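Peer 1: Numbering (our numbering), first residue to last: 2 to 143.
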Amino acid sequence: MKLFKFILYLIAVLVSFETLAEPALKIENAWVGATEEGGDMSVAYMSLLSHEDLILTSVTSPKINTIEMHNTILEKGVMKMRMAHEIKIDHDKAFEFKSGGSHLMLMDFKGPLKAGQKVKLTLHFKDTKNQSFDKSIDAVIK
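See below:
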């Protein structure tokens, strides 16, 4: 009987860990544009793929004071950037931060971002249950 109770307890613990687990999320090809001495603005690109719907709420970095999420839109024949407060990541559909489209603007940082180095970025997400989680990556500076 004790063994049976222990097995039930173990199953309950494993199920609770499964419900608390972060969504399966792949972040690939993350890179940041290099800057010259005195430059304080750059851009970051990457690809995100999740097996469930997510919302990217912000991106932070210990080296970069301001990171904004931007969408590029065509308005009356003119390409314009608009800051996005959230970005929806649809399940099983790759979302691309890329040149000419959605991208991350990196501003207000000290020192140049030198090619070949890496910079830590932390992406902050919410899932469909409004639970928050973070995913940190090291983006290559190119």
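Every residue gets a Cβ at the ideal spot worked out from N, C-alpha and C, and that includes glycine. The structure presented is a predicted model; accordingly, all values stated were derived computationally and were not measured.
May I ask you to report which of helix, strand or coil DSSP gives Ala95?
Peer 2: coil
Peer 1: Would you say Met84 and His104 are within 7 Å of each other, going by their C-beta atoms?
Peer 2: no
Peer 1: By Cβ distance below 6 Å, which residues in the same chain neighbour Thr61 in space, the five residues on each side in sequence not counted?
Peer 2: Thr123
Peer 1: I need the straight-line Cα distance from Met80 to Gln132, nearest angstrom please.
Peer 2: Straight across, the Cα-Cα distance linking Met80 with Gln132 is about 35 Å.
Peer 1: If we require 3 or more residues per run, which beta strand (DSSP E) segments fall completely within the stretch 33-102?
Peer 2: DSSP assignment within the stretch 33-102 yields the following whole beta strand (DSSP E) runs of 3 residues or more, N-terminal first: 42-51, 55-61, 65-76, 79-85, 88-90 and 96-98.
Peer 1: To the nearest angstrom, how far is it from the Cα of Leu26 to the Cα of Phe98?
Peer 2: 15 Å
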